[in-house]
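Below you'll find the structure, written out as structure tokens, and then a few comments.
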Amino acid sequence: MTMAKQKTLSEYVYKKYLDFDDNVVNEFREKLYSIIPKEYFQDKYGKRTPNVIKVATIRTTTGYLINRSTEPDEVISTTIGNKDVVVIPSRKLKSKEKLTGLILCRKFKVVHPEVEYNFIKKSEYLANPNSIVFGDSVTQSNEAVGLPSRVIYEWAYSIRDKDEITEELTHNALSEEGTMWDKNEGSQRQSLFEIQYVKPGVYFPQFITFYDITPEGFIHALISHLKTTRYGAQSNVMDANMKNEIISIALDTFEPPVSSYLISKEFNGEVTFENVKEFVKRKLRENSSMLIENEKLEELLKLIDEYLKDEEKLKQLYLRHLNDCINYLVECKIIKEKDVKKLLEDMGV
4 MTMAKQKTLS
14 EYVYKKYLDF
24 DDNVVNEFRE
34 KLYSIIPKEY
44 FQDKYGKRTP
54 NVIKVATIRT
64 TTGYLINRST
74 EPDEVISTTI
84 GNKDVVVIPS
94 RKLKSKEKLT
104 GLILCRKFKV
114 VHPEVEYNFI
124 KKSEYLANPN
134 SIVFGDSVTQ
144 SNEAVGLPSR
154 VIYEWAYSIR
164 DKDEITEELT
174 HNALSEEGTM
184 WDKNEGSQRQ
194 SLFEIQYVKP
204 GVYFPQFITF
214 YDITPEGFIH
224 ALISHLKTTR
234 YGAQSNVMDA
244 NMKNEIISIA
254 LDTFEPPVSS
264 YLISKEFNGE
274 VTFENVKEFV
284 KRKLRENSSM
294 LIENEKLEEL
304 LKLIDEYLKD
314 EEKLKQLYLR
324 HLNDCINYLV
334 ECKIIKEKDV
344 KKLLEDMGV
């Protein structure tokens with residue numbers, strides 16, 4: 004008896020599980036491909052390829068930032084050469100932007116309503132743009148199912164020495180009446196403590212690298228990056244404390260060997276936004292086959308802004324992206340095709 008031939012991923016036919024406007028999607032892709040060549044994207048999620056997109060961004064603090072880990076009152080720092088610099092671990096940056104991405108997915112109803120940040124009950128709930136771009140895993144059942152991240156965040160290092168860019172502020176724990184007077188003891192409360200903050204106006208050059216991303220996945224991650232403004236501890240009671248600006252995009256076969264650490268280590272000029280920006284671009288230009296900058300980069304930023312201002316068109320991109328996610332998870336046997344209809348009904352698509 005001959006066994007039936009098992010289908011491989013490449014033999015699966017892409018299916019349209021939900022309605023979206025192909026004309027809007029194709030128009031968007033044509034505009035994007037005129038800026039970043041088509042070969043750096045996947046048409047749909049599939050096998051790994053070597054091509055990468057490395058986005059260079061400068062994060063500028065616009066308010067006080069609490070960046071701490073094991074020490075409750077000190078910023079995270081490390082020594083580079085003869086200076087101590089402030090370090091922001093990648094998870095502290097990615098987690099905030101992944102949360103923004105989840106909010107975007109909820110807005111366009113392309114994620115199951117029971118999905119919360121890092122809280123996924125069932126494997127079929129992984130079928131959403133945020134999980135497939137930023138990576139996710141099932142957390143509440145015995146299913147050992149996970150999706151790898153298609154966007155890699157690096158640690159961010161300051162250019163200047165920690166002593167120049169941090170400040171210690173004294174705080175007090177007020178009583179219920181809003182004063183420092185302890186009515187039970189009949190004396191002033193002594194609950195004073197200090198926290199070390201990163202001051203406004205500090206530059207953190209950083210890189211975000213994309214592997215095997217679709218055009219719609221790419222735009223989702225960039226919007227999540229550009230629209231996140233609160234980072235660090237106590238962000239719910241702090242001002243918007245960071246502005247992210249994309250300054251160039253490197254394209255290559257395999258990742259260019261440029262990092263935030265190397266930028267901090269090798270930069271030796273006057274620390275201004277323009278000087279840091281030009282230094283980063285020069286290092287990328289020296290180490291990658293193509294650099295998207297100046298007019299081409301401006302085209303990309305205008306393209307993002309165009310779709311942010313037209314929510315109906317942006318919704319069509321998210322619907323296409325959801326369809327890509329479902330196709331991929333069905334092909335990988337993470338979800339069953341018979342369960343797709345119920346999943347979409349639960350989403351309200």
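The opening residue of the sequence shown carries number 4 in our numbering; numbering runs sequentially from there. Each residue gets a CB set at the ideal place from its N, CA and C atoms; glycine is no exception.
Check                                                                                                                             : Outcome
Contacting residues, own chain, Cβ-Cβ under 8 Å from residue 338 (five flanking each side not counted)                            : 126, 127, 129, 130, 329, 332 and 346
Nearest neighbour of residue 123, chosen from 67, 150, 100 and 103 [CA to CA]                                                     : 150
Whether residue 253 touches residue 287 by CB criterion (7 Å)                                                                     : yes
Outcome for residue 169 when other beta-carbon atoms lying within 10 angstroms are tallied against a minimum of 16                : buried
Reduced DSSP secondary structure (H/G/I, E/B, other) of residue 325                                                               : helix
Residue 59 classed as buried or exposed, judged by whether at least 16 other C-beta atoms fall within 10 angstroms                : buried
DSSP state of residue 209 mapped onto helix, strand, coil                                                                         : strand
Buried or exposed (CB count within 10 angstroms, at least 16 for buried), residue 235                                             : buried
Span separating the alpha-carbon of residue 87 from that of residue 261                                                           : 20 Å
Boundaries of the beta strand (DSSP E) in which residue 256 is found, first to last residue                                       : 245–256
Candidates 49, 42 and 306: closest to residue 335 by CA position                                                                  : 49
Meets three-Cβ-pair contact criterion under 8 Å: the segment 27–47 and the segment 293–302                                        : yes
Three-state class that DSSP yields for residue 319 in the structure shown                                                         : helix
Contacting residues, own chain, Cβ-Cβ under 7 Å from residue 203 (five flanking each side not counted)                            : 64, 65, 66 and 67
Nearest neighbour of residue 266, chosen from 243, 162 and 290 [CA to CA]                                                         : 162
Option nearest residue 280 by Cα separation, candidates 152, 290, 296 and 291                                                     : 296
Pair within 7 Å by beta-carbon distance, residue 274 and residue 201                                                              : no
Chain-order list of residues whose beta-carbon lies under 8 Å from that of residue 244 (same chain, five-residue window excluded) : 64, 65, 66, 67, 68, 203, 232, 233, 234, 235 and 238
Cut-off 8 Å between Cβ atoms - residues of its own chain near residue 318, not counting five sequence neighbours on either side   : 111
Identity of the residue in 72, 210, 102 and 27 nearest residue 160 by Cα                                                          : 210
Proximity of residue 21 and residue 352 at Cβ, strictly below 7 Å                                                                 : yes
Identity of the residues DSSP links to residue 56 by a beta bridge                                                                : 213 and 254
Outcome for residue 181 when other beta-carbon atoms lying within 10 angstroms are tallied against a minimum of 16                : Residue placement at residue 181 is flagged as unreliable, the pLDDT there being 43, under the threshold of 50; the coordinate-derived value follows with that caveat. By the neighbour-count rule (16 or more Cβ atoms within 10 Å), residue 181 is not buried but exposed.
Residues sharing a beta bridge with residue 381, DSSP                                                                             : Beyond the ends of the chain as shown, which are 4 and 352, falls residue 381; an answer cannot be given.
Status (buried if at least 16 other CB within 10 Å, exposed otherwise) for residue 43                                             : buried
CB of residue 55 within 7 Å of CB of residue 217, strictly                                                                        : no
Inter-residue Cα distance where the pair is residue 83 and residue 268                                                            : 6 Å
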